[in-house]
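Peer 1: Below you'll find the structure I mean.
Residue numbers (my numbering): 379 to 534.
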């Protein structure tokens, strides 16, 4: 494991949430202090396997899966734009938009980026909610090849 002085590449997993915002703040602060590069990764889940989604009772126009994926990608780009506007002048930032299970994509990007540290927020789910949805941060921490910094949900 690298010493803290040799953390040159920090990967931050992001989503549009307060949990992610705190992780970004920590990551940028660390990158500035250590002179590190940052990569952001956002993973969109693969849409459900139906060819379209609509509520016929509301007379909604169906959305095809490619349209849903375009909407997700546009939302990811807007998220990255907001982050770059807020922090881009402070540190060098690269972006990765992935489609798939968040934990798998985070770990794949960590390998590709050769991350020395992964930072991500946690929703702090417990009980049945944790059992059903699992924990991305927990899975990443177990399988990562580098240290993982998990930022707890705000107010904890």
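Heads up, the beta-carbon is just placed ideally off N, CA and C, and yes, glycines get one too.
(1) Closest to residue 392 by CA distance: which of 403, 385 and 411 is it?
(2) Just how far apart, CA to CA, sit residue 523 and residue 423?
(3) Quick one: give me the first and last residue of the alpha helix (DSSP H) that residue 520 is part of.
(4) When burial is assigned at 16 or more other CB atoms within 10 Å of the CB, is residue 585 buried or exposed?
(5) In the DSSP assignment, the beta strand (DSSP E) including residue 415 goes from what residue to what residue?
(6) Between the Cα of residue 460 and those of 388, 385, 527 and 395, spot the shortest distance and give me the residue it belongs to.
(7) Going by alpha carbons, who is nearest to residue 521 out of 463, 481 and 415?
(8) Does the distance from the CB of residue 468 to the CB of residue 406 come in under 7 Å?
(9) Can you tell me which of the three DSSP states residue 481 falls into?
(10) My guess is that residue 491 and residue 401 are in contact by the Cβ rule of under 8 Å, so how many angstroms apart are they, rounded?
(11) Between the beta-carbon of residue 415 and the beta-carbon of residue 470, is there less than 7 Å?
(12) Give me, in chain order, the residues of the same chain whose beta-carbon lies closer than 6 Å to that of residue 453; leave out the 5 immediate sequence neighbours on both sides.
(13) Would you mind sorting residue 462 into buried or exposed? The rule is 16 or more other CB atoms within 10 Å of its CB.
(14) Is the beta carbon of residue 497 sitting closer than 7 Å to the one on residue 390?
Peer 2: Answer, in terms of the structure:
(1) In the chain shown, residue 392 corresponds to position 14, counting from 1. Residue 403 is the option with its Cα nearest to residue 392.
(2) Taking the first residue of the chain shown as position 1, residue 523 is located at position 145. Taking the first residue of the chain shown as position 1, residue 423 is located at position 45. C-alpha separation (whole angstroms): 23 Å.
(3) In the chain shown, residue 520 corresponds to position 142, counting from 1. Where residue 520 is concerned, the enclosing alpha helix (DSSP H) stretches over 514-521.
(4) A question about residue 585 goes unanswered here, because the residues of the chain that appear run from 379 up to 534.
(5) What you label residue 415 is simply residue 37 of the chain shown in a count that begins at 1. Counting along the chain, the beta strand (DSSP E) containing residue 415 begins and ends at 415-422.
(6) Along the chain shown, one-based indexing puts residue 460 at 82. Residue 460 has its Cα closest to that of 395, out of 388, 385, 527 and 395.
(7) Numbered from its first residue, the chain shown carries residue 521 at position 143. Considering only alpha carbons, the answer is 481.
(8) Counting from 1 along the chain shown, the entry for residue 468 is found at position 90. Counting from 1 along the chain shown, the entry for residue 406 is found at position 28. Yes.
(9) Sequence index remark: in the chain shown, residue 481 carries index 103 (1-based). DSSP places residue 481 in helix when its eight states are reduced to three.
(10) Here residue 491 is taken as the residue at index 113 of the chain shown, counted from 1. Here residue 401 is taken as the residue at index 23 of the chain shown, counted from 1. About 16 Å; that fails the 8 Å criterion.
(11) As a first step, residue 415 must be located in the chain shown, where it is residue number 37. As a first step, residue 470 must be located in the chain shown, where it is residue number 92. Cβ atoms of residue 415 and residue 470: closer than 7 Å.
(12) Position 75 of the chain shown holds residue 453. Result list for residue 453: empty, nothing under 6 Å.
(13) To locate residue 462, count along the chain shown from 1; it is residue 84. Exposed: under 16 other Cβ atoms inside 10 Å.
(14) Position 119 of the chain shown, counted from the first residue, corresponds to residue 497. Position 12 of the chain shown, counted from the first residue, corresponds to residue 390. Contact flag set, yes.
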